[in-house]
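One structure is given here, and the rest of the page talks about it.
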Amino acid sequence: MPKKLILIIGAPGSGKTTDAKLIAEKHPEITSYSTGELIKTEVEKGTAIGHIAKSYVEKGDLVPTQIVVEMIVDAVNKAPTPAVLLDGFPGKEKQMQYFCDYIFNNDKIQVVSVIEVRVNDELARERWIASGRDPEIFEHELKSYKASLAEIEAHYEDKHVLKVIDGERNLDAVITDIDSHLTSLL
Numbered sequence: 001m002p003k004k005l006i007l008i009i010g011a012p013g014s015g016k017t018t019d020a021k022l023i024a025e026k027h028p029e030i031t032s033y034s035t036g037e038l039i040k041t042e043v044e045k046g047t048a049i050g051h052i053a054k055s056y057v058e059k060g061d062l063v064p065t066q067i068v069v070e071m072i073v074d075a076v077n078k079a080p081t082p083a084v085l086l087d088g089f090p091g092k093e094k095q096m097q098y099f100c101d102y103i104f105n106n107d108k109i110q111v112v113s114v115i116e117v118r119v120n121d122e123l124a125r126e127r128w129i130a131s132g133r134d135p136e137i138f139e140h141e142l143k144s145y146k147a148s149l150a151e152i153e154a155h156y157e158d159k160h161v162l163k164v165i166d167g168e169r170n171l172d173a174v175i176t177d178i179d180s181h182l183t184s185l186l
């Protein structure tokens, strides 16, 4: 039986990482991963793929999509649960194309949903800054996210797996919506 993969995407400051962690806590059958955490873990473990990733991270460059996808696939396959919730990937159209070509042709992993936590730019900025993060990094990440969003949404709508959640409400309401959506899939 293939592992079920749920992707959670959203602008920086949308709350997607918090949402993913809270959902995984409510569901013992779901493991939650963040792309950034997966990269950091591989670097810390000193694995072969971690060494490659480290060379990019140390220069301040993005880890190539192919390497990130290999990390994700490995983590999903080794997850201790039948379902995995992954936040923050793919964020760019090129990442999505490579990832989808790989995942949608993989019989061990099934993408069952892509949840987009949608918030307006001002609320995302407020949340980002309230968490003590740099406003300039926010602007850069938001611009990058928005540059590919239409293509990412269209692609996942075509696959009939996109679910948009209103992330502007209080946390409990957002979690309830995500929870009821996932319950219908798992």
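FYI, our numbering numbers position 1 of the sequence shown as 1, with every residue one higher than the one before it. Positions of the beta carbon are idealized from the N, C-alpha and C atoms, including for glycine. It should be emphasised that the depicted structure is a prediction, and the values quoted were computed from it without experimental measurement.
A residue is called buried once 16 or more other Cβ atoms fall within 10 Å of its Cβ, and MET71 is buried on that count.
DSSP places SER32 inside the beta strand (DSSP E), whose first and last residues are 30 to 34. With a threshold of 16 other beta carbon atoms within 10 Å, PRO90 meets it and is buried. In this structure, DSSP gives ALA75 a helical state, which the three-state scheme calls helix.
Annotation for GLY167: no alpha helix (DSSP H) segment contains it, and DSSP assigns it neither H nor E.
Among the bridge pairs identified by DSSP, ASP87 is matched with ILE8 and SER34. Of the other Cβ atoms in all chains shown, fewer than 16 fall within 10 Å of the Cβ of ASP172; this residue is therefore exposed.
Between LEU85 and ILE23, the beta carbon gap of about 6 Å places them in contact (Cβ cut-off 8 Å). Put simply, the backbone Cα of GLY167 is about 20 Å away from that of THR35. Your pair ILE8 and VAL117 checks out as a contact, with CB atoms roughly 7 Å apart and the cut at 8 Å. Under the three-state reduction of DSSP, ARG133 is assigned to coil, being neither helix nor strand.
SER113 counts as buried, since at least 16 other C-beta atoms from the protein chains shown sit within 10 angstroms of its C-beta. The C-beta separation of LEU142 from PRO28 comes to about 34 Å, leaving the pair out of contact by the 8 Å criterion. In the displayed model, LYS92 falls within coil according to three-state DSSP, outside both helix and strand. ILE178 and ILE165 do touch by the CB rule: their CB atoms are close to 6 Å apart, below 8 Å.
DSSP places VAL112 inside the beta strand (DSSP E), whose first and last residues are 109 to 118. Excluding five sequence positions before and after GLU44, the CB atoms of its chain that fall closer than 8 Å to its own CB belong to GLY50, given in chain order. Between GLN66 and TYR98, the C-beta spacing is below 8 Å. Secondary structure note for THR18: its alpha helix (DSSP H) is the uninterrupted segment 16 to 26.
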